[in-house]
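Chains as they are written, first to last, in this note's numbering: chain C, 4 to 317; chain E, 98 to 215. Positions of the beta carbon are idealized from the N, C-alpha and C atoms, including for glycine. Worksheet for the structure shown next.
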Amino acid sequence: IPYFEDLNGAAHMHVQGRHEGNKRRAWRQPWRSGLRSRFRSTTSAVVGGLGEALHGRSAPRAGSTSHNFLVTSHSRVVGGTSRRMSMVATSPLVGTAAQRGVWAPQATKHSGFFGARLPSHAARAPRASSGTASPLTTCVAATPSAPPQARDRWNITYYPKGADAAALQKQWYIIDAEGQTLGRLATLAATHIRGKNSPAYSPSMDMGGYVIVINAEKVAVTGRKETDKTYFRHAVGRPGSWTVETLRDLRKRIPERILEKAIRGMLPKGKLGNHLFRHLKVYKGASHPHVAQTPTDITRHINLRPSEVAALKE
Amino acid sequence: MNKDKILKLAKGFRGRSKNCIRVARERVEKSLQYAFRDRKAKKRDMRALWIQQINAGARQYGVKYSSLISGLAAQNVGLNRKMLSELARTEPLSFKALVDQVAHMRGLSAPHAGAALK
């Protein structure tokens, strides 16, 4: 229970009364007399143990009255139990305010119940505990700051840093599209670009790799998709300018676009998806300019179960 | 009083939402609602992420997430998904040991067993 000292050096318990809010309002608006009367009995509640300690201190100043009230029945101590009172009683104040290092105003113009215009959190001296060393009554000196430790890897959620997603650390993969089914190839490429093939995956960061697709014009489709699959285009900002072309025609015109559209549809949409899409490199023909990156060939992984993919690696 | 608190909470908001109290009050109220809702959703999202990471790690070694989890449960391995994902990411060999244990139990470890599944 916090306590403060008034002009005369007597300690008053800051017990919380029912009208605790009024106390603050009275502090800020002392012209409102109606607020004063409500906690008249609570401000002067001092535990008997403290009262005994006050007698043992140096002589009070002239004209002071000792506020050594025992806790009477009409003093409201909300939330306080007998256990709490006994704990405070066993930790008496020793010495004057100055000796204890407690701030107490020496003289102010105002007197009475508002004489000690102290904020409630001020003037808390460490209590000398007499035997009861419970955490509530003992003030422990702050331990010196420990040396900075390494980041606790097991108790702090991991989040990939920029260095983890750096382009220099990304894997390069290559897929030969000749004769491969369009959608099944696109799934594999999108998984590797997104990074879902590694346990370092994070949906909000680019943890995937680069994928090169060669022989894009030779990608295969099943059924009647060669003639029936259509690609819609609407470039101009006015009605009626749309174009629809079949897969066969698009393959003649811009074959890379077939795979690009397929894979883009499997990547997330938005800023991150656009960024990921730039990691896809589709080329017509068998040659590509990324030989220096030594890409891993994953063409054989298309349409395989995980156990079969692992068997391939061995 | 309250205005200052609200504008302090509105730091980083877009446009007038961080400057003007009438706009900021709405946005801050909404942000606090989102925070309340997402404190509960965060637990779900993290678990979903762990499952995705375990799935990816297990598939590297030829086992799917479902097989791994059921296999570990059958062998009374009490590691939770959070720890499994940490292992998969930072202790790959330990994770591989767990996956191999499950694969062996299910008879998937031998390479010819994979070919037989085709």
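Residue-level contact to chain C via CB, residue i, 8 angstroms cutoff
i	result
E:Gln-150	yes
E:Arg-141	no
E:Lys-161	yes
E:Ser-182	yes
E:Gly-109	no
DSSP-derived helix/strand/coil call for residue i
i	result
C:Trp-30	helix
C:Arg-236	strand
C:Thr-194	helix
E:Tyr-162	helix
E:Glu-188	coil
E:Tyr-131	helix
E:Lys-85	Missing from the structure shown is residue 85 of chain E; chain E here goes from 98 to 215 and no further.
E:Ile-148	helix
C:Asp-209	coil
C:Ala-223	strand
C:Ile-217	strand
E:Glu-123	helix
C:Lys-284	strand
C:Asp-252	helix
C:Asp-300	strand
C:Thr-160	coil
E:Ile-92	Missing from the structure shown is residue 92 of chain E; chain E here goes from 98 to 215 and no further.
E:Asp-101	helix
C:Val-247	strand
C:Asp-167	coil
C:Asp-231	helix
C:Ile-266	helix
C:Ile-261	helix
C:Asp-179	strand
Beta carbon proximity, residue i to chain E, threshold 8 angstroms
i	result
C:Lys-3	With chain C covering only 4 through 317, there is no way to say anything about residue 3 of chain C.
C:Lys-199	yes
C:Gln-174	no
Contacts of residue i in chain C (Cβ-Cβ under 8 angstroms)
i	result
E:Gly-154	Ser-201, Pro-202
E:Ala-185	Pro-202
Near the ligand ZN: residue i beta-carbon under 7 angstroms from a heavy atom
i	result
E:Ile-166	With respect to the ligand ZN, the structure offers nothing, as it holds no ligand at all.
Proximity test, Cβ basis, 8 angstroms: residue i and chain B
i	result
E:Met-202	Among the protein chains in the structure shown, which are C and E, there is no chain B.
For the segment 107-122 of chain E against the segment 138-155 of chain E, do three or more pairs of beta-carbon atoms, one drawn from each stretch, fall closer than 8 angstroms, so that the two count as touching? no
Take every Cβ of the segment 193-205 of chain C, pair it with every Cβ of the segment 231-241 of chain C, and state whether three or more of those distances are shorter than 8 angstroms. no
Taking 8 angstroms as the threshold, find out whether the segment 201-221 of chain C comes into contact with the segment 273-282 of chain C through three or more Cβ pairs. yes
Would you list, in chain order, the members of the segment 298-315 of chain C that have their beta-carbon closer than 8 angstroms to a beta-carbon of chain E? Arg-308, Pro-309, Ser-310, Glu-311, Val-312, Ala-313, Ala-314
Scan the segment 120-134 of chain E for residues whose Cβ lies nearer than 9 angstroms to a Cβ of chain C and list them as they occur along the chain. none
Between the segment 156-174 of chain E and the segment 189-206 of chain E, can you find at least three pairs of beta-carbon atoms closer than 8 angstroms? yes
Can we say the segment 295-302 of chain C touches the segment 174-191 of chain C, given the rule of at least three CB pairs closer than 8 angstroms? yes
Check whether the segment 257-265 of chain C touches the segment 214-232 of chain C, counting contact only when three or more Cβ pairs, one atom from each stretch, lie closer than 8 angstroms. yes
So, does the segment 173-190 of chain C touch the segment 130-137 of chain E, judging by three or more C-beta pairs under 8 angstroms? no
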